[in-house]
Ligand SMILES: [Zn+2]
Ligand SMILES: [Zn+2]
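Numbering (our numbering), first residue to last: 39 to 228.
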């Protein structure tokens with residue numbers, strides 16, 4: 039099990055320094071740089087871009103409580119004007135990783151109440167796999183429609199140029215009777 043996870047997850051962390059005594063605590067500043075692209079086509083943290091994780095591990099009765107601040111910089115393009123942009127993401131998460139014994143062997147007379155078994159995170163030996171929590175924290179904070187700036191005016195649908203580069207009053211009115219009456223007007227393509 040452990041080797042399988044180690045092969046597929048870039049966010050495995052070895053907790054061997056943390057004694058399995060409730061109340062013990064360790065803190066780490068980690069940087070991950072080989073994790074595959076995180077995000078969507080329009081906006082993603084490149085696969086080799088640093089993802090910083092300030093991690094606090096606390097031993098509790100059932101396992102290891104991981105509290106983290108994760109941050110990274112996504113690159114993409116503005117959905118309105120297609121300019122390249124970067125977007126800084128920072129988010130916190132807290133997850134409990136159960137000791138394997140707690141997870142797999144329910145003590146007699148006790149039920150571990152789990153809302154959804156799939157969401158229960160278990161340690162794998164001394165390892166915790168931060169992959170899910172880190173990806174969720176980052177992806178859920180990436181805007182679906184990234185903008186270079188809040189009030190980006192986007193592109194003129196007529197010529198595809200940026201509104202910001204076009205003169206005031208720029209329009210495409212081919213066949214528009216109102217404009218046909220204006221002598222001397224010269225369109226941007228004339
Ligand atoms: Zn824009
Ligand atoms: Zn135009």
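Quick reminder that beta carbons are idealized off the backbone N, C-alpha and C, glycines included. Given the structure is predicted, the values throughout are model-derived calculations rather than measurements.
Self-check item: Buried or exposed by the 16-neighbour rule on C-beta atoms within 10 Å, applied to residue 74
Solution: The residue in question, residue 74, is exposed, as its Cβ has fewer than 16 Cβ neighbours within 10 Å.
Practice problem: Look at the Cβ atom of residue 105, then the Cβ atom of residue 90, and state whether they are nearer than 8 Å. | Solution: Going by C-beta atoms, residue 105 is not nearer than 8 Å to residue 90.
Quiz item: Ordered along the chain, which non-local residues of its own chain (more than five positions away) have a Cβ less than 8 Å from that of residue 54?
Solution: Cβ within range, chain order: 164.
Quiz item: What are the start and end residues of each continuous beta strand (DSSP E) run of 3 or more residues lying completely inside the region 159-192, in chain order?
Solution: The region 159-192 contains, as complete beta strand (DSSP E) runs of 3+ residues, the segments 165-167 (chain order).
Quiz item: Which word fits residue 112, buried or exposed, when buried means at least 16 other C-beta atoms lie within 10 angstroms of its C-beta?
Solution: Counting of Cβ neighbours within 10 angstroms places residue 112 among the buried residues, the total reaching 16 or more.
Exercise. Pull up the CB-CB distance for residue 134 and residue 103, whole angstroms please, since I reckon it's below 8 Å.
Key: With 8 Å as the limit, residue 134 and residue 103 qualify as a contact, their Cβ atoms being about 5 Å apart.
Quiz item: Is residue 48 near residue 72, with beta carbons less than 8 Å apart?
Solution: In contact: residue 48 and residue 72 (Cβ atoms closer than 8 Å).
Quiz item: With 16 other CB atoms within 10 Å as the buried threshold, where does residue 207 fall?
Solution: Answer is exposed; the Cβ neighbour count stays below 16.
Exercise. Go through its chain and collect everything with a Cβ distance to residue 96's Cβ below 6 Å, but skip five positions before and after it.
Key: 63, 103, listed in sequence order.
Quiz item: At a cut-off of 7 Å, is residue 207 close to ligand 2 when judged by its beta-carbon and the heavy atoms of the ligand?
Solution: Not one heavy atom of ligand 2 sits closer than 7 Å to the Cβ of residue 207.
Exercise. Let me know if residue 39 comes out buried or exposed under the rule of 16 or more other beta-carbons within 10 Å of its beta-carbon.
Key: With a pLDDT of only 42 at residue 39, under the threshold of 50, the placement of this residue in the model should not be trusted; the figure read from the coordinates follows. Exposed, because fewer than 16 other Cβ atoms sit within 10 Å of the Cβ of residue 39.
Quiz prompt | Nearest to residue 118 (by Cα), restricted to the options 188, 178, 205, 161 | solution = Checked all of 188, 178, 205, 161; the closest Cα to residue 118 is 188.
Quiz item: Can you name the start and end residues of the beta strand (DSSP E) that residue 207 belongs to?
Solution: DSSP places residue 207 in no beta strand (DSSP E); its state is neither H nor E.
Quiz item: Using the beta carbon as the reference atom, which residues fall closer than 7 Å to any heavy atom of ligand 1, ordered along the chain?
Solution: Matched residues: 116, 118, 119, 121, 185, 186, 187, 190, 192.
Practice problem: Consider the C-beta atom of residue 199 and the heavy atoms of ligand 2; say whether any pair is separated by less than 7 Å. | Solution: At least one heavy atom of ligand 2 lies less than 7 Å from the C-beta of residue 199.
Quiz item: By Cβ distance below 6 Å, which residues in the same chain neighbour residue 44 in space, the five residues on each side in sequence not counted?
Solution: Note on residue 44: pLDDT 47, under 50, position unreliable in the model; no value is reported.
Quiz item: Comparing alpha-carbon positions, which option in 166, 85, 80 lies nearest residue 101?
Solution: Ranking the options by Cα distance to residue 101, first place goes to 166.
Practice problem: Along the beta strand (DSSP E) that carries residue 128, what are the first and last residues, could you check? | Solution: Boundaries of the beta strand (DSSP E) around residue 128: 122-136.
Quiz item: Identify the residues that DSSP records as bridge partners of residue 46: which are they?
Solution: None; residue 46 has no bridge partner.
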